[in-house]
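For the sequence shown, numbering that gives the first Met the number 0 gives the first residue as 0, with consecutive numbering after it.
Inspection log for the structure reproduced underneath, given as structure tokens.
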Amino acid sequence: MATRRSVLVGLVAAGTVVWSQRPAAAASSVTVTDLESWREALGTLAPRYRHALVDIRADWCAPCLRMEREVFPHPAVRRMLEDVALIKVDVTPMDGANRELLAHLRADGPPTIFIVETASGGEYARTRSIGGLKRSELVRRLRPFAGR
């Protein structure tokens, strides 16, 4: 697999440089741990993104780690996340602030994924999944919101 540096070095050596004006998918990702940071994230993302994928995850959650390692980095998923922001709800410590946020989101815990409207934080019907998700299912779920 080519690294970003090897691709850039190859392009410069060939006399071609391609510069993208659009930020990478990672730029649309924010991590929240409590209700205050959730509200701040929505306010920050709303001017640029109409929709956000909410990923409730924890470091101790094996399906969450598998998805972070195998599903989210896949090019098809990354393309969708250029148009849909990613809000990672990190409940690793499972403290009082995490529990308050989970109650607000009506979620029991990780792994849970759903799509919200960033302006209101309202969840779209039939977008919630509990448990690990395969790449193809996540792409199918994101497609109507990604404008592709």
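All C-beta atoms in this analysis are idealised placements derived from N, C-alpha and C, irrespective of residue type, glycine included.
Keep in mind the model is a prediction, meaning the values are calculated, not measured.
In this structure, the beta-carbon distance from P109 to V83 does not fall below 8 Å. Here DSSP, grouped into helix, strand and coil, assigns A84 to strand. With contacts defined by Cβ atoms closer than 8 Å, L34 and E99 form a contacting pair.
Scanning its chain for C-beta atoms nearer than 7 Å, with the 5 sequence neighbours on each side dropped, one finds around V76 the residues V70, R134, L137, V138, in chain order. The continuous stretches of alpha helix (DSSP H) do not include S119, and DSSP gives it neither H nor E. DSSP places R68 within a helical segment (H, G or I) once states are collapsed to three.
Non-local beta-carbon contacts of I114 in its own chain, meaning distances under 8 Å to residues more than five positions away in sequence, involve H50, A51, L52, V53, V83, E122, Y123, T126, R140, L141, F144 in chain order.
Per DSSP, the unbroken alpha helix (DSSP H) holding H103 starts and ends at 95-103. In the structure shown, T30 adopts extended strand secondary structure according to DSSP, grouped into three states.
DSSP places R77 inside the alpha helix (DSSP H), whose first and last residues are 74-79. Shown here, R142 sits in a helix according to DSSP, grouped into three states.
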